[in-house]
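Chemist: Numbering (the numbering used here), first residue to last: 17 to 240.
Here a beta-carbon is modelled for each residue, glycine too, at the ideal position from N, C-alpha and C.
A single structure is presented below for examination.
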Ligand SMILES: Cc1cc2nc3c(=O)[nH]c(=O)nc-3n(C[C@H](O)[C@H](O)[C@H](O)COP(=O)(O)O)c2cc1C
């Protein structure tokens, strides 16, 4: 399996360590895995270039392209973020903003329908569930059919202060998700809601309600 990890922060804290627990349970010798951080990508400037013209002309493409390529080539995508003020980090959201052109309403990558994703978040008290839900929502609109969520309130600001029993629970949950991911690799299918939305987008593209660039893409893919 090809596995791509996108960290929503650079430091090796509780979320990073939780991601390691998952990777330890998931990765075998035959797997290929790549890791990236969402940090340092400039804010989307709202120029609409990726949507209206061409994603390659995005002023930040040199920074986002290696990450996007690795995501698009992966079988399994892992996206993680600490909970910051009831949500994902700003830098991770900035990366997601640069993927607007890949939403189902624009030019989704067909292969997304075969991928499995895992959203990970930790929090001191509340909000990790919200953060993984936010990630899952983005990935749903890219067309990924299955997103597992690994989120936990760890009652600590630092990984060293996390209680051993909490770490054990995280390890068990990570192992469960790793087993499900391996089992379902190559077998995932879009659910009814995603299928319906994809059809709706096809109707929209066919009736000229999208951009000419998007409509040409849908025609090229043979979807309309
Ligand atoms: C900027 C910032 C905002 C945070 N917001 C919340 C919050 O809204 N609720 C909460 O329970 N913990 C919050 N925390 C605590 C972290 O979510 C928690 O310590 C998390 O496990 C940190 O993960 P990390 O070690 O990977 O950075 C916040 C921490 C920071 C630095």
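(1) Could you check whether the Cβ of residue 44 sits closer than 6 Å to any heavy atom belonging to ligand 1?
(2) Mind checking whether the beta-carbon of residue 54 lies closer than 6 Å to any heavy atom of ligand 2?
(3) By the 10 Å Cβ neighbour count, where 16 or more other Cβ atoms means buried, how is residue 128 classified, buried or exposed?
(4) Please report the distance separating the alpha-carbon of residue 43 from that of residue 199.
(5) Which residue wins for smallest C-alpha separation from residue 38, given the options 216, 189, 111?
(6) What whole-angstrom Cβ distance do residue 52 and residue 19 have, given they're in contact under 8 Å?
(7) Could you work out which residue in 202, 24, 80, 157 is closest to residue 211 when comparing CA atoms only?
(8) Which runs of the alpha helix (DSSP H) at least 4 residues long sit entirely within the segment 29-55? Give them in chain order.
(9) Using the beta-carbon count (16 or more within 10 Å), is residue 111 buried or exposed?
(10) With which residues is residue 19 paired in a DSSP beta bridge?
(11) Consult DSSP for residue 137 and reduce its assignment to one of helix, strand or coil.
(12) Strictly by DSSP, which residues pair up with residue 162?
(13) Terminal residues of the continuous alpha helix (DSSP H) containing residue 233?
Modeler: Inspection of the coordinates gives the following:
(1) no
(2) Judged by which ligands are present, ligand 2 is missing from the structure shown, whose ligands are ligand 1.
(3) buried
(4) 13 Å
(5) 189
(6) With 8 Å as the limit, residue 52 and residue 19 do not qualify as a contact, their Cβ atoms being about 12 Å apart.
(7) 157
(8) 30-42
(9) buried
(10) 49, 92
(11) strand
(12) 132
(13) 228-236
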